[in-house]
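J.: Can you read through this structure? Questions will come right after.
Residue numbers (our numbering), protein chains in the order written: chain A, 36 to 835; chain B, 1001 to 1131.
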């Protein structure tokens, strides 16, 4: 494996998205465009180098997805658009298919039971299953303005080399050797050309000098022999010269006497023949030696001659001939040696370099082996660091990297586990939520629930306290995931058990708290708002366990109140056993026509837009004021829209739960209708008094009271003489609070009584405050005494 | 992406053809030779032909897919939606000549547990309808 290949392989282990080449296509949502889409996919798969099976699978999946969009998201509408975005990564393909039509619940699509399909002869609905089968991963996200289907497919090509990302190449040592061989060869050639020519010249010069010296010394030795005409001695001398001539360059050697005859000659046939002085060109006229260039039968030659003297008298000459051919032969031998030497040393050098490169590369090989093992999945493997050089550093960095990758892999596994847990929790939670709203006489109810991506732990529920009384819970569990869902299950069971027959909201919450507190993990708690709607008495009572306030909108005055009876959250381990119950307040109200109650969780007020701005209470109040005239269902829809418009598709971290309640009939009408029904049961349907009262869930006393009313004034007597005094709201409205705080800031010394007076005087139209309500408000804000009010002014805590 | 290229494909009718004939080896087996591809756009045409064969009370069917390079869920749905009726009439529907890509999806979607398939028409006629 090559380093680049290893690097690209390693990249697959890193938790980062690989760089992808992207391609885009936007087409109209029409059948005919499916061909365009298929053509587009074909080209992308070709570009990505998919196998034909992969191409076919991917084409199929995208085709199915787009067909579904045309059929179902746009339902055959012709004006729809489909946007396709394809990302080609080194090991995978990713497609994002966007439509702007109807969304569908991807998670609810189940794998089809094929046998069942065969049984009932069904042919549709296979598309999603097919997509899931042929793609590695499929995800579907629905946004307010669009739906996104993400298809992800891993490609089978095993290595980046197969993917054509890395071309197979030469190994480093071969490259190194080839490079150094070329370099050495060039150097040797240069050496050969320059040094070789010089060597040649030097060799020739040496040869001439040697011959010159030899001939001079011979001539000196030969003096006596020539004078005495001692042929034998001269012959011996000549043979000695030839013997000395190891490189065999001498063509001839002879001695000429005074008479001009050869006294001795290397060619014995020439002996005693007469000597003809050579007709050559004198090349050099040295002190002892003369050189001539001659042409002979064996080609050109150089004749070296030296005079022979005996006792100072010239007695003859000695000649030595060197033919050019012999000299060339001598030089040729010399060059041959030279070349052989060069070849041998070249080979030795290359061999040496080869071993050297092996030594240098060995640590690299070790790193390579380690990385390869890692790439094959052995994440535990480490490379031994043996040196401090670059290789050592590389090995150390690699080891560090493997540790990090291992850690991040563990992190990913953990992440997956958490996601799985969240999914389970979400499923539990969804089964706990009521699927439809109950119908209760005289009240209209609208509710909405929207889960965040992570389970935020909202919970709401409706149940019958008795046949005419409905309990409504809105709650927010502090914990997320499975623990949160467990708590929710517990609370739900406890609520449903305790709510039955108990018409006091605070009492129910207190009992639920005793049930669950011991079983809840430390640090977990639940805030709850529990509302009891009594359709018979037309009264509503509620309690809050640390939950955010409920909104009351009064249709007559168009004022908005936050109702927040005090109470600790459920599940907190309080220092005293009865502290929860003691601290829990019960409030009662009656709704009039056009009044509306809105219970919610803080997911609404804390809904965030992409810039992390919160929706906030003021926007909520605004929406309530603008839409309170609608039915609760319509109002819920409007509020939902307002939140969507505000968040602009930003992902929400908390669930949103919302319940709106409106009075449909006046309390008097309800009482009248009830009484009339009771009388009718006995008079028209002929039921016994006991049976009628049992059905209506009242004591027989009520019947006889009604009977008496009818006897006295006829049916009209059943109408309540005067509507019961409506339970006062024990809260100040927002403008009232502001007015009060303004007075406190100005005159901290004023007590409740003078504050009421001051508020009435300072507002237009004059605002009337209930002194008791005001006192409770002041106490809650720690403004009950003058010291508290003064410290408030000093600290300037001016939140209304 | 140039939109003109899509126009050159023509309408769905040009993308599928279904030839209906008798198998030479056996008179009561009907051969449906399909050419082209079966997807959302061409499935209705194929279904029309297919149902007309069933309407003629021919229930021993060999569907030759050797010239089919692509079958989407719309196509598979047609096969499995009618198989019960066909078998109820003591007939069967077998697929032959699927190319590797089509075979892969066939197996991936577990249709091989429902429908028989053979390499060619001969094998299908010999083994496909034996009781």
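We put the CB at the ideal spot given by N, CA and C, even for glycine.
Predicted model, so just to flag it, every value in this text is computed and none were measured.
Checking contacts by CB at 8 angstroms: is residue 1134(B) closer than that to chain A?
T.: This structure gives no information on residue 1134(B), because the portion of chain B shown stretches from 1001 to 1131.
J.: When you compare the CB of residue 157(A) with every CB in chain B, is at least one pair closer than 8 angstroms?
T.: Yes - at least one Cβ of chain B is within 8 angstroms of the one on residue 157(A).
J.: Can you list the alpha helix (DSSP H) stretches of 4 or more residues lying completely in the region 395–420 of chain A, in chain order?
T.: None, since the region 395–420 of chain A contains no complete alpha helix (DSSP H) of that length.
J.: In the structure shown, what three-state DSSP assignment does residue 337(A) receive?
T.: Strand.
J.: Suppose contacts are defined by Cβ-Cβ distances below 8 angstroms. Is residue 235(A) in contact with residue 291(A) by that definition?
T.: For residue 235(A) and residue 291(A), no; Cβs fall outside 8 angstroms.
J.: Taking the alpha carbon of residue 208(A) as the point to measure from, which residue in 571(A), 389(A), 784(A) has its own alpha carbon closest?
T.: Checking every option, the nearest Cα to that of residue 208(A) belongs to 389(A).
J.: Hey, residue 104(A) and residue 134(A): beta-carbon distance below 8 angstroms or not?
T.: Yes, Cβ-Cβ distance for residue 104(A) and residue 134(A) is below 8 angstroms.
J.: Under the three-state reduction of DSSP, which class applies to residue 1076(B): helix, strand or coil?
T.: Helix at residue 1076(B).
J.: How about residue 1129(B) and residue 1060(B): are their beta carbons less than 8 angstroms apart?
T.: It is a contact, given that the beta carbons lie within the stated cut-off.
J.: Shortest alpha-carbon distance to residue 584(A) belongs to which of 572(A), 477(A), 826(A), 597(A)?
T.: If we check each option's Cα against that of residue 584(A), 597(A) comes out closest.
J.: CA-CA distance, residue 416(A) and residue 434(A)?
T.: Each residue's alpha carbon lies about 8 angstroms from the other.
J.: Would you tell me roughly how many angstroms separate the C-alpha atoms of residue 60(A) and residue 95(A), rounded to the nearest one?
T.: Taking the straight line from one Cα to the other gives about 17 angstroms.
J.: Measure the C-alpha to C-alpha separation of residue 557(A) and residue 754(A) and round it to an integer number of angstroms.
T.: Those two C-alpha atoms are separated by around 54 angstroms.
J.: Could you check where the beta strand (DSSP E) with residue 750(A) kicks off and where it finishes?
T.: Residue 750(A) -> no beta strand (DSSP E), and no H or E assigned at all.
J.: Are any of the Cβ atoms in chain B nearer than 8 angstroms to that of residue 120(A)?
T.: No, no contact with chain B.
J.: Under a three-way DSSP split, which group does residue 164(A) fall into?
T.: Helix at residue 164(A).
J.: As a quick exercise: from 252(A), 414(A), 707(A), pick the residue whose alpha carbon is nearest that of residue 340(A).
T.: Among 252(A), 414(A), 707(A), the Cα nearest to that of residue 340(A) is on 252(A).
J.: Alpha carbons only, please: which of 568(A), 600(A), 790(A), 211(A) is nearest the one belonging to residue 395(A)?
T.: Nearest option by C-alpha distance: 211(A).
J.: In the DSSP output, which residue or residues are listed as bridge partners for residue 1036(B)?
T.: 1016(B), 1068(B), per the DSSP bridge assignment.
J.: Which one or two residues does DSSP pair with residue 587(A) in a beta bridge?
T.: Looking at the DSSP assignment, residue 587(A) forms a beta bridge with 596(A), 632(A).
J.: Can you pull the chain A residues whose beta carbon is under 8 angstroms from the beta carbon of residue 1036(B), in chain order?
T.: Within 8 angstroms Cβ-Cβ: nothing; residue 1036(B) doesn't reach chain A, min ~12 angstroms.
J.: Please state the DSSP three-state secondary structure of residue 81(A).
T.: Three-state DSSP puts residue 81(A) in a helix.
J.: Do residue 137(A) and residue 174(A) have their CB atoms nearer than 8 angstroms?
T.: Against a cut-off of 8 angstroms, the Cβ pair of residue 174(A) and residue 137(A) comes out as no contact.
J.: Runs of 4 residues minimum, wholly inside the region 493–552 of chain A: which ones carry the alpha helix (DSSP H) assignment?
T.: As far as the region 493–552 of chain A is concerned, its whole alpha helix (DSSP H) runs of at least 4 residues are 516–534, 540–552.
J.: Whole-angstrom Cβ separation of residue 1065(B) and residue 1034(B), contact assumed at under 8 angstroms?
T.: So it is a contact: roughly 6 angstroms between Cβ atoms.
J.: For the region 91–116 of chain A, enumerate the residues whose C-beta is nearer than 8 angstroms to any C-beta of chain B, in chain order.
T.: If the cut-off is 8 angstroms between Cβ atoms, the region 91–116 of chain A has 91, 92, 94, 95, 98, 99, 102, 105, 106 near chain B.
J.: Anyone know if the C-beta pair for residue 626(A) and residue 640(A) falls short of 8 angstroms?
T.: Not closer than 8 angstroms, so no.
J.: Are three or more beta carbon pairs between the region 297–312 of chain A and the region 361–373 of chain A nearer than 8 angstroms?
T.: These segments do not touch.
J.: For my contact list, residue 638(A) and residue 493(A) are in at a C-beta cut-off of 8 angstroms; report their separation, rounded to the angstrom.
T.: At roughly 6 angstroms, the Cβ-Cβ gap stays under 8 angstroms, so residue 638(A) and residue 493(A) are in contact.
J.: How big is the Cα-Cα spacing for residue 603(A) and residue 548(A)?
T.: Near 10 angstroms, if we compare the C-alpha coordinates of residue 548(A) and residue 603(A).
J.: Run down chain B in chain order and give the residues with a C-beta less than 7 angstroms from the C-beta of residue 87(A).
T.: Within 7 angstroms Cβ-Cβ: 1101.
J.: Are at least three pairs of beta-carbons, each pair with one atom in the region 397–409 of chain A and one in the region 428–444 of chain A, less than 8 angstroms apart?
T.: These segments touch.
J.: Does the contact criterion of 3 or more C-beta pairs under 8 angstroms hold for the region 59–76 of chain A versus the region 116–132 of chain A?
T.: Touching, per the Cβ criterion.
J.: First and last residue of the beta strand (DSSP E) that includes residue 562(A)?
T.: Run containing residue 562(A): 561–569, per the beta strand (DSSP E) assignment.
J.: Starting from residue 152(A), follow the alpha helix (DSSP H) in both directions and report where the run begins and ends.
T.: Taken as a continuous stretch (DSSP letters only), the alpha helix (DSSP H) holding residue 152(A) covers 149–155.
J.: Going by other Cβ atoms of all chains shown within 10 Å of its Cβ, with 16 needed for buried, is residue 619(A) buried or exposed?
T.: Label assigned to residue 619(A): buried.
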